[in-house]
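Peer 1: Residue numbers (this note's numbering): 183 to 427.
Note that beta-carbon positions come from the ideal geometry of N, C-alpha and C, so glycine has one too.
(1) Given that a residue counts as buried once 16 or more other Cβ atoms are within 10 Å of its Cβ, and exposed if not, what is residue 330?
(2) Let's test the definition: count the other Cβ atoms within 10 Å of the Cβ of residue 415 and tell me whether it reaches 16, buried, or not, exposed.
(3) Where do the N-terminal and C-terminal ends of the alpha helix (DSSP H) with residue 264 fall, by residue?
(4) For residue 428, count neighbouring C-beta atoms within 10 Å of its own C-beta (all shown protein chains included) and say buried if the count is 16 or more, exposed if not.
(5) Report yes or no: do the stretch 278-298 and the stretch 316-329 share at least 3 C-beta pairs separated by less than 8 Å?
(6) Would you check if the distance between the CB atom of residue 389 and the CB atom of residue 379 is smaller than 8 Å?
(7) So residue 346 and residue 376 are in contact, right, with Cβ under 8 Å, and what is the actual spacing, rounded?
(8) Does DSSP put residue 271 in a helix, in a strand, or in coil?
(9) Would you decide whether residue 404 is buried or exposed? Buried here means 16 or more other CB atoms lie within 10 Å of its CB.
(10) Could I get the ranges of all uninterrupted alpha helix (DSSP H) runs contained in the stretch 299-378, with 4 residues as the minimum, in chain order?
(11) If I follow the unbroken alpha helix (DSSP H) through residue 243, where does it start and stop?
(12) Could you tell me the boundaries of the alpha helix (DSSP H) in which residue 431 lies?
(13) Using DSSP with H/G/I as helix, E/B as strand and the rest coil, what is residue 412?
(14) Count the other CB atoms within 10 Å of the CB of residue 383; is the residue buried (16 or more) or exposed (fewer)?
(15) Please identify the residue among 357, 373 and 413 whose C-alpha is closest to the C-alpha of residue 364.
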């Protein structure tokens with residue numbers, strides 16, 4: 183029997199549309215880009231929960247800048263066998279056979295006990311270092327209460343208004359000054375002022391170290407790398423002329 187051409191065309195279109203409706207390989211959730219002035223949308227892979235305390239985001243910067251410092255509890259000095267450079271180091275450290283961290287019980291954790299010690303000679307950080315602020319102590323206590331997890335989150339990364347005073351100085355304070363400040367900074371490199379930071383930014387050492395480029399010693403030394411957002415902010419600041427802004 184002869185089938186009219188129009189019927190064959192209709193049958194083909196029907197089968198084609200049905201196959202498209204059941205195609206599982208289509209791209210989902212990518213907005214159309216008509217071109218000309220589209221805006222970027224930041225979609226965190228693991229959004230930060232305001233009710234949670236994160237090791238990588240909240241806790242590690244406090245410990246690196248106050249405890250994992252040269253001559254105390256960094257990877258090189260490891261006073262009393264205690265290292266505050268990485269999560270594994272912290273969780274494995276002990277004081278007089280007692281756990282430094284007891285997940286879920288901050289006040290049975292030797293770290294909190296040492297931080298809250300009334301006797302200045304036994305308190306950590308030891309004099310003449312400045313004691314942790316109340317806010318910093320609260321962060322550490324909350325983290326332990328929540329299980330002392332090795333967790334992190336990705337909030338929005340602001341790369342549109344990167345400045346030295348508002349962005350870079352905070353990163354340096356959180357991750358670098360523990361070793362690179364004072365009268366005997368590690369490697370003879372002081373990052374306690376803009377001029378010191380600008381010097382290592384201009385010759386490539388800052389970006390090379392925090393990015394782990396070949397030929398540079400990765401920084402922070404012996405610790406986890408900086409969050410990708412912070413590395414991007416440092417790169418952008420340098421590309422913009424590492425200004426004192």
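Peer 2: Taking the geometry as given:
(1) Here residue 330 refers to the residue found at position 148 when the chain shown is read from its first residue. That one is buried.
(2) In the chain shown, residue 415 corresponds to position 233, counting from 1. That one is buried.
(3) As a working mapping, residue 264 is identified with position 82 in the chain shown. First-last for residue 264: undefined, no H or E at that position.
(4) Residue coverage of the chain in this structure runs from 183 to 427, which leaves residue 428 outside it and unanswerable.
(5) Cβ pair count under 8 Å is three or more, so yes.
(6) Numbered from its first residue, the chain shown carries residue 389 at position 207. Numbered from its first residue, the chain shown carries residue 379 at position 197. Result no, Cβ atoms of residue 389 and residue 379 do not sit closer than 8 Å.
(7) Residue numbering aside, residue 346 sits at position 164 when the chain shown is read from its first letter. Residue numbering aside, residue 376 sits at position 194 when the chain shown is read from its first letter. Contact between residue 346 and residue 376 holds, with the beta-carbon distance rounding to 6 Å and staying under 8 Å.
(8) As a working mapping, residue 271 is identified with position 89 in the chain shown. Residue state, collapsed to three classes: helix.
(9) Numbered from 1 along the chain shown, position 222 holds the residue referred to as residue 404. Buried: at least 16 other Cβ atoms inside 10 Å.
(10) Entirely contained in the stretch 299-378, the alpha helix (DSSP H) runs reaching 4 residues are, in chain order, 316-327 and 351-357.
(11) Along the chain shown, one-based indexing puts residue 243 at 61. It spans 242-248 - the alpha helix (DSSP H) in which residue 243 sits, taken as one unbroken run.
(12) Coverage of the chain is limited to positions 183 through 427, which leaves residue 431 absent and any answer about it impossible.
(13) For the purposes of this step, residue 412 is identified with residue 230 of the chain shown, where counting begins at 1. Of the three classes helix, strand and coil, the one that applies to residue 412 here is helix, per DSSP.
(14) Here the question's residue 383 lines up with position 201 in the chain shown. Label assigned to residue 383: buried.
(15) As a working note, residue 364 is residue 182 in the chain shown. When only C-alpha atoms are compared, the closest one is 373.
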